Amino acid sequence: MLGGIVYGLWAAAIDREAGPITGWNVLLGVASGIAFMAFYLGLRLLAPHLVRELRAGAWAGFAGVAVGFLRSLTGASVLLAAAMGFVAAVSVFAVVFYRFYTTED
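Heads up, the sequence shown is in my numbering, so the first residue is 2 and it goes up one at a time.
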């Protein structure tokens, strides 16, 4: 729950660009937070049923999309947002795959 709140506040703060708080900022923050939590909880329910490679890929995709979306709110180019999301996804995949590989029964 806290992750969704923090993600929503972060998205709203990035979009606000130090200006006044508007209804759009609030709506974006709430929608982003709800979407983040919905996908997170869905992944938490689905991931244990996947093999380790797909489980690591699912978490990597989730992290990459989350980071890429936040970066895209800054007004950066789509390529930069995609590149940052990709770097985050590759990093998360490596860490999560290693964890699942070394702790699997």
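Positions of the beta carbon are idealized from the N, C-alpha and C atoms, including for glycine.
Given the structure is predicted, the values throughout are model-derived calculations rather than measurements.
Taking 7 Å as the cut-off, decide whether the C-beta atoms of residue i and residue j are in contact.
i	j	result
residue 93	residue 60	yes
residue 43	residue 9	no
residue 13	residue 29	yes
residue 15	residue 75	yes
Assuming the contact rule is C-beta atoms closer than 8 Å, residue i and residue j should be a hit. Round their C-beta distance to whole Å, please.
i	j	result
residue 38	residue 86	So it is not a contact: roughly 19 Å between Cβ atoms.
residue 58	residue 89	With a Cβ gap of about 13 Å, residue 58 and residue 89 do not count as contacting.
For residue i and residue j, what's the separation of their Cα atoms in angstroms?
i	j	result
residue 56	residue 62	10 Å
residue 100	residue 27	37 Å
residue 73	residue 82	5 Å
residue 130	residue 45	The shown model of the chain, from 2 to 106, leaves out residue 130, and the question about it has no answer.
residue 18	residue 71	13 Å
residue 47	residue 24	34 Å
residue 50	residue 84	29 Å
residue 97	residue 20	38 Å
residue 105	residue 11	34 Å
Count the other CB atoms within 10 Å of the CB of residue i; is the residue buried (16 or more) or exposed (fewer)?
i	result
residue 78	exposed
residue 68	buried
residue 22	exposed
residue 7	exposed
residue 91	exposed
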